[in-house]
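Here the structure is laid out as structure tokens; the discussion comes afterwards.
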Amino acid sequence: MKVLVIGGGGREHALIWALSKSPRVKEIVCAPGNGGIAAIARCVPVSQSDLDDMLRVVVQESPDLTIVGPELPLSLGLVDELQRRGLAVFGPTRAAAMLETSKAFAKRFMQRHNIPTANYSVASSAEEAIKALGLFHFPLVVKADGLAAGKGVIICDTKAEAENAINGLFSGKLLGTAATSLVLEEFLSGEEVSFLLLCDGKHAAPLVPAQDHKRIGEGDTGLNTGGMGVYSTDSILDAEMTQWLLHHVAQPTLAGMAAEDAPFVGVLYCGLMMTARGPMVLEYNTRFGDPETQAIMVRLESDLFEALEASVQGRLSDTEFRWKPGAAASVIAASGGYPGAFTSGHPISGLAEAAKVPDVVVFHAGTALVDDHCVTAGGRVLAVTATGDTLENALSKAYEAIAKIQFEGMYYRRDIGHRALKKPRA
64 MKVLVIGGGG
74 REHALIWALS
84 KSPRVKEIVC
94 APGNGGIAAI
104 ARCVPVSQSD
114 LDDMLRVVVQ
124 ESPDLTIVGP
134 ELPLSLGLVD
144 ELQRRGLAVF
154 GPTRAAAMLE
164 TSKAFAKRFM
174 QRHNIPTANY
184 SVASSAEEAI
194 KALGLFHFPL
204 VVKADGLAAG
214 KGVIICDTKA
224 EAENAINGLF
234 SGKLLGTAAT
244 SLVLEEFLSG
254 EEVSFLLLCD
264 GKHAAPLVPA
274 QDHKRIGEGD
284 TGLNTGGMGV
294 YSTDSILDAE
304 MTQWLLHHVA
314 QPTLAGMAAE
324 DAPFVGVLYC
334 GLMMTARGPM
344 VLEYNTRFGD
354 PETQAIMVRL
364 ESDLFEALEA
374 SVQGRLSDTE
384 FRWKPGAAAS
394 VIAASGGYPG
404 AFTSGHPISG
414 LAEAAKVPDV
424 VVFHAGTALV
434 DDHCVTAGGR
444 VLAVTATGDT
454 LENALSKAYE
464 AIAKIQFEGM
474 YYRRDIGHRA
484 LKKPRA
């Protein structure tokens, strides 16, 4: 089989790394790819914000299966266009992807289908949002309605902070483009869990759970990012809780989308808060998470291609996953200044040395090749990922490897997994 992967980040590198191990995959093309992906797949240029350009690449390459990695191509309707052409594609349609592309739609959908989530209010103007502040206690959460690369969520401790966030999002000052609507949401306390499932429209198959670290600073401080590190262990969710989430979150979501004429095929990512009132859905994503995918893929022992193919063909109920026991951990090496302004083009050294650490894979996110040398080309540059018998062991290997890598302004958190290491899970 020939596979085409749309995207060029750490998530896509991890997917391609896993797909390359399938005996059924003979060729992998990635559009646009990055400096690390180029070592295991043929990279072709494409604009991920240009639907016609992406269609041109798919038609030109004529793959047996196209896998859409990022959220932007989903929001543009790439899956819809490929399906109209009779081409096999893994990912949700534009209508199904609204679970991610519109937080207001997602909150209303959860309310309609009795899926546990925080109390909320939707506002289409700054005046309406500020008036709605009276409905909430502080802290509260202010969310941009549309896509924001993980940076559109602001936790506000005071009314003044909330008003600043509201005005900043509606004016475009905070994200560069003005929001047309916001979601105000009850602040939930507890531990976050990333619960990802493959879906074929009717059935859902859970992947191993993970816990992301969104904040830029150690101790979970500072601005939200796309994710600064992640770990995966079976102890994050026990078998009983996994079944509860399947019956009360995943299956109602699939049934609800089917009932609303938008059957969901692809990855359903449920961002959960495990509260004293029970699990609550913070948000949906409609694609593989980044960096969750890096930690999940290094634990996958069964064939990823066959699972994705089964999802597209509506026979996921016949698919079984095999997982490596123990733990995986991934630490993000970011450009200095991220998630704010940063510079690119800095040479990266130590990649070969880091890859020699046992059980370590260095996934590239924001990199490029210049004269056959790898340089930085994004905010999140690398995801140094390791497996181990225990979380402590996996983290030790990941930090040993990342210490061998250098580029100007490089920054990484040194406390990934800190919550799990401090206390046993209930």
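Residues are numbered in this note's numbering as their position in the sequence shown, beginning at 1, plus a constant of 63.
C-beta: ideal position from N, C-alpha, C; glycine also.
Just so it is clear, the structure is predicted and the values come from calculations on it, not from any experiment.
Between the stretch 264-271 and the stretch 200-212, do three or more beta carbon pairs fall short of 8 Å?
Not touching, per the Cβ criterion.
Three-state secondary structure (DSSP) at Q174?
What you label residue 174 is simply residue 111 of the sequence shown in a count that begins at 1. Here Q174 sits in helix by DSSP.
Please report how far the alpha carbon of R157 lies from the alpha carbon of E416, in whole angstroms.
Mapped onto the sequence shown, residue 157 falls at position 94. Mapped onto the sequence shown, residue 416 falls at position 353. C-alpha separation (whole angstroms): 42 Å.
Tell me, which residues are paired with W386 by DSSP?
Position 323 of the sequence shown holds residue 386. Answer is L363.
Using only the alpha-carbon positions, how far apart do R488 and E191 sit?
Locating residue 488 in the sequence shown gives position 425, counting from the first residue. Locating residue 191 in the sequence shown gives position 128, counting from the first residue. Residue placement at R488 is flagged as unreliable, the pLDDT there being 49, under the threshold of 50; the coordinate-derived value follows with that caveat. Cα-Cα distance, rounded: 41 Å.
In terms of residue numbering, what span does the beta strand (DSSP E) encompassing P269 cover?
Along the sequence shown, one-based indexing puts residue 269 at 206. Run containing P269: 267-269, per the beta strand (DSSP E) assignment.
Can you tell which of A228, T450, P126, G480 has the C-alpha that lies nearest to the C-alpha of D27?
There is no way to answer for residue 27, as the model of the chain reaches only from 64 to 489.
Is the beta carbon of E134 less than 8 Å from the beta carbon of L67?
Against the sequence shown, residue 134 aligns to sequence position 71. Against the sequence shown, residue 67 aligns to sequence position 4. Contact: no.
Answer yes or no: do V120 and L145 have a C-beta to C-beta separation smaller than 8 Å?
Your numbering for residue 120 matches position 57 in the sequence shown. Your numbering for residue 145 matches position 82 in the sequence shown. Taking 8 Å as the Cβ cut-off, V120 and L145 do not qualify as a contacting pair.
How would you call L128, buried or exposed, if buried means at least 16 neighbouring beta carbons within 10 angstroms?
Here residue 128 refers to the residue found at position 65 when the sequence shown is read from its first residue. L128 should be labelled buried.
From L78 to E281, what does the alpha carbon distance come to, in whole angstroms?
On the sequence shown, position 15 is the one that residue 78 refers to. On the sequence shown, position 218 is the one that residue 281 refers to. Computed Cα separation, rounded: 28 Å.
Using the beta-carbon count (16 or more within 10 Å), is G400 buried or exposed?
As a working note, residue 400 is residue 337 in the sequence shown. Exposed: under 16 other Cβ atoms inside 10 Å.
Quick one: using the 10 Å Cβ neighbour count with 16 as the cut-off for buried, is Q376 buried or exposed?
Stepping through the sequence shown from its first residue, residue 376 is reached at position 313. Label assigned to Q376: exposed.
For L139, which of R482, L114, G149, G154 has the nearest alpha-carbon?
Here residue 139 refers to the residue found at position 76 of the sequence shown. Here the closest residue by C-alpha is L114.
Quick check: A391 and V423, are their CB atoms within less than 8 Å of each other?
As a first step, residue 391 must be located in the sequence shown, where it is residue number 328. As a first step, residue 423 must be located in the sequence shown, where it is residue number 360. Contact flag unset, no.
Evaluate F172 with the Cβ neighbour count: other Cβ atoms within 10 Å of its Cβ, from every protein chain shown; 16 or more gives buried, anything less gives exposed.
For the purposes of this step, residue 172 is taken as the residue at position 109 of the sequence shown. Buried: at least 16 other Cβ atoms inside 10 Å.
Would you kindly report the start and end of the unbroken beta strand (DSSP E) that includes S85?
As a working note, residue 85 is residue 22 in the sequence shown. Where S85 is concerned, there is no enclosing beta strand (DSSP E), given that its DSSP letter is neither H nor E.
Buried or exposed: V344, going by 16 or more other Cβ atoms within 10 Å of its Cβ?
Your numbering for residue 344 matches position 281 in the sequence shown. Per the 10 Å Cβ criterion, buried.
Could you tell me whether any non-hydrogen atom of the ligand ZN is closer than 7 Å to the CB of T406?
Absent from the structure shown: the ligand ZN. Ligands present: none.
Express the C-alpha separation of G98 and V293 in angstroms, rounding to a whole number.
Here residue 293 refers to the residue found at position 230 of the sequence shown. Here residue 98 refers to the residue found at position 35 of the sequence shown. Each residue's alpha carbon lies about 22 Å from the other.
If distances are taken between C-alpha atoms only, which option among E75, R74, W80, I299 comes closest to D366?
Indexing the sequence shown from 1 puts residue 366 at position 303. Nearest option by C-alpha distance: W80.
How would you label D220, buried or exposed, when you count the other beta carbons within 10 angstroms and need 16 or more for buried?
For the purposes of this step, residue 220 is taken as the residue at position 157 of the sequence shown. The residue is exposed, with fewer than 16 neighbouring Cβ atoms inside 10 Å.
State the beta-bridge partners of G292 as determined by DSSP.
Here residue 292 refers to the residue found at position 229 of the sequence shown. DSSP, once it has assigned bridges, lists V394 as partnering G292.
Please report the straight-line C-alpha distance between L331 and L363, rounded to a whole angstrom.
Within the sequence shown, numbered from 1, the residue matching residue 331 stands at position 268. Within the sequence shown, numbered from 1, the residue matching residue 363 stands at position 300. Approximately 18 Å between the Cα atoms of the pair.
From what residue to what residue does the beta strand (DSSP E) around Y332 run?
Indexing the sequence shown from 1 puts residue 332 at position 269. Element bounds for Y332: 328-338.
Check for me: the alpha helix (DSSP H) holding R477 runs from which residue to which?
As a first step, residue 477 must be located in the sequence shown, where it is residue number 414. Neither: R477 is in no alpha helix (DSSP H) and is coded neither H nor E.
Taking only three categories from DSSP, how would you classify A489?
Your numbering for residue 489 matches position 426 in the sequence shown. Unreliable positioning characterises A489 in this predicted model, as indicated by a pLDDT of 43, which lies under 50. The coordinate reading is nonetheless provided below. Coil.
To the nearest whole angstrom, what separates the beta carbons of K277 and G290, a pair I think is in contact under 8 Å?
The residue you call residue 277 lines up with position 214 of the sequence shown. The residue you call residue 290 lines up with position 227 of the sequence shown. Right, the Cβ-Cβ distance comes to about 6 Å (below 8 Å), so this counts as a contact.
Measuring only the C-alpha atoms, how far is M336 from Y183?
Translated into the one-based positions of the sequence shown, residue 336 becomes position 273. Translated into the one-based positions of the sequence shown, residue 183 becomes position 120. Straight-line Cα distance between these residues: approximately 15 Å.
Given a cut-off of 8 Å, decide if G132 and L259 are closer than it, judged by their beta-carbon atoms.
Position 196 of the sequence shown, counting from 1, holds the residue named residue 259. Position 69 of the sequence shown, counting from 1, holds the residue named residue 132. Going by C-beta atoms, L259 is not nearer than 8 Å to G132.
Pick helix, strand or coil for I229, following the three-state DSSP scheme.
By one-based count along the sequence shown, residue 229 stands at place 166. DSSP places I229 in helix when its eight states are reduced to three.
Can you check which of these residues, L198, G413, H176, D434, is closest to L445 by C-alpha distance?
The residue you call residue 445 lines up with position 382 of the sequence shown. Looking at the Cα atoms, G413 is the closest of the given residues.
Using 10 angstroms around the beta-carbon of N177, count the other beta-carbons present and answer buried if the total reaches 16, otherwise exposed.
Numbered from 1 along the sequence shown, position 114 holds the residue referred to as residue 177. That one is exposed.
Just grab the DSSP bridge partners of T284 for me.
By 1-based counting over the sequence shown, the position of residue 284 is 221. DSSP output for T284 lists G280 as bridge partner(s).
For the beta strand (DSSP E) holding I130, just list the boundary residues, first then last.
By one-based count along the sequence shown, residue 130 stands at place 67. Note, I130: beta strand (DSSP E), 128-131.
Below 8 Å between beta carbons: does that hold for G389 and D301?
By one-based count along the sequence shown, residue 389 stands at place 326. By one-based count along the sequence shown, residue 301 stands at place 238. Not a contact, by the Cβ cut-off of 8 Å.
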